[in-house]
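Per the numbering used here, residue 1 is the first one in the sequence shown, and the count goes up by one each step. All C-beta atoms in this analysis are idealised placements derived from N, C-alpha and C, irrespective of residue type, glycine included. Just so we're clear, the structure is a prediction, and the values are computed from it rather than from any experiment. Read the structure below first, then the notes.
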Amino acid sequence: MVKPMSYKTLFAIAAALDLETKQMDVKTAFLYSNIDEEIYVAQPEGLSNGTKQVCWLNKALYGLKQSPWVWYNTLADYLWELGFEPLAADLSIFAKEHTFVAIYVDDLLLVGPSKPDIQAIKDCLNANFDMTDLEPCSYYLGMSVTRDRPNRTLRLGQHSYMEKVLQDFSMWESNPADTSMAGNDLVKAPKGYQAPEDLRATFQSAVGSLMYAMLGTHPDIAYAVSKVSRFTSNPDKSHWQAVKHILRYLRGTVDVDLVYRGPLTQLEGYTDAD
Numbered sequence: 001m002v003k004p005m006s007y008k009t010l011f012a013i014a015a016a017l018d019l020e021t022k023q024m025d026v027k028t029a030f031l032y033s034n035i036d037e038e039i040y041v042a043q044p045e046g047l048s049n050g051t052k053q054v055c056w057l058n059k060a061l062y063g064l065k066q067s068p069w070v071w072y073n074t075l076a077d078y079l080w081e082l083g084f085e086p087l088a089a090d091l092s093i094f095a096k097e098h099t100f101v102a103i104y105v106d107d108l109l110l111v112g113p114s115k116p117d118i119q120a121i122k123d124c125l126n127a128n129f130d131m132t133d134l135e136p137c138s139y140y141l142g143m144s145v146t147r148d149r150p151n152r153t154l155r156l157g158q159h160s161y162m163e164k165v166l167q168d169f170s171m172w173e174s175n176p177a178d179t180s181m182a183g184n185d186l187v188k189a190p191k192g193y194q195a196p197e198d199l200r201a202t203f204q205s206a207v208g209s210l211m212y213a214m215l216g217t218h219p220d221i222a223y224a225v226s227k228v229s230r231f232t233s234n235p236d237k238s239h240w241q242a243v244k245h246i247l248r249y250l251r252g253t254v255d256v257d258l259v260y261r262g263p264l265t266q267l268e269g270y271t272d273a274d
C-alpha cells in the first residue's frame, strides 16, 4: 500500500505543477488474482452433496491473508505491461514519464500532466478490470481533497474523521489547547502498577486514532504522539491526561487543513545532530 508520505508528495507535486488528479476503484479486486499456493476450503452452504469433500481454492478471496499481496502482483504485472515501473522509494507508486499510479489495495490515485494522459490509463485499466470512476479526486483515504487550481493550492483535511474521534472519546465539548503537549514530562508508572484493562484498551484506541491523524494531515502532533505511544502497554492516569491534551489540541485545530502550494522553487531539508 502506498505510504502516507508518498501520496502526500504526489499531491504536493500535483499542486505545484498543476497536474491532473483522478481516482479509480477496482471492483472485487482480489478475485482477479490466482492464488499462488495450495489452499482448500469447506464447501459453501448449499453446495454440499452429503460428502466430506472440500474445494480447491484457485482465486484470492476477501479475508485471506495472502489476497492483498497476490492482488498487488496482478496489478503490478499489468502496469509493467503498460510501461510503468515502481519507484524505488515506494513500490506502490508506478511511474511512466510524468504520469503516476499510486496503489492502496483496490483504490488507485492517478496523477498526470493532462486529461488525455489520464484517460489513456483509465481506458487500459477499464479494459482489464471492472473499475469505478471516482473523479474528480475530492476524497482520498478518509481525507477531503480541495483544489484551487488558479492559485495552485491543494488542501487535505480530516474534519469528519477528527470530529468522530473527538466524539468517540467525549472530547468534542472540551476546551481547546494551544499546544499538543503540556509542560510536564511523562514517566513510567510506579513499579508494580498494572493498568486496568478498560484504561489500556481506551488508551491504545486513542493513540491509534491520533496516529492516523498524524500520518494524514496533522504532522504537528507527531512528537506528542511519539511520547504517549511509549506507554501503550501500561498507561496510568497521567498518560491518559496527556492523550486528552492532544485531543484538546485537535479540537482547536479540527478545521485546519494541510495545504500544498506551488511552485516548487527550492527544496529545503532539516536534520538533527543525533
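Between T253 and the set G262, A213, Q241, the nearest pair of CA atoms involves A213.
Separation of W172 and T202 (C-alpha to C-alpha, rounded to the nearest whole angstrom) is 16 angstroms. In this structure, A60 lies away from I39, with their beta-carbon atoms at least 7 angstroms apart. Taking the Cβ atoms as the reference, G112 lies roughly 6 angstroms from L19, within the contact range of under 8 angstroms. About 4 angstroms separates the CB atoms of A224 and S180; that is less than 8 angstroms, so the two are in contact. In the three-state scheme derived from DSSP, where H, G and I count as helix and E and B as strand, P219 is classed as helix. Nearest to H245 by alpha-carbon distance, out of A182, D106, Q194, is A182. The three-state reading of DSSP puts Q23 in strand, counting E and B together. Within the DSSP bridge table, the entry for C55 names V41 as partners. For E135, the closest alpha carbon among the candidates K122, G142, N128, A127 is that of K122. Membership of G252 in the alpha helix (DSSP H) is indicated by the continuous run 237-252.
Excluding the 5 residues flanking it on each side, N58 has same chain C-beta neighbours closer than 7 angstroms at N34, I35, in chain order.
Judged by DSSP in its simplified three-state form, R152 adopts coil rather than helix or strand. Residues F203, Q204, V207 of the same chain have their beta carbon placed closer than 7 angstroms to that of T232, with the five preceding and five following residues left out of the count.
Rounded to whole angstroms, the separation of the alpha carbons of M5 and H239 is 28 angstroms. Inter-residue distance for Q66 and S209 is about 26 angstroms (C-alpha atoms, whole angstroms). Three or more Cβ pairs closer than 8 angstroms define a contact, and the region 39-57 falls short of that threshold against the region 67-85. Taken in chain order, the complete beta strand (DSSP E) segments of 3 or more residues contained in the region 113-194 are 131-133, 143-148, 153-157. In the DSSP assignment, I13 falls within the unbroken alpha helix (DSSP H) covering 4-17. In its chain, beyond the 5 residues on either side, W172, S174, L247, L250, R251, V254 have a beta carbon closer than 8 angstroms to the beta carbon of L166. The residue from N126, A42, H98, A127 with its alpha-carbon nearest to that of S114 is H98.
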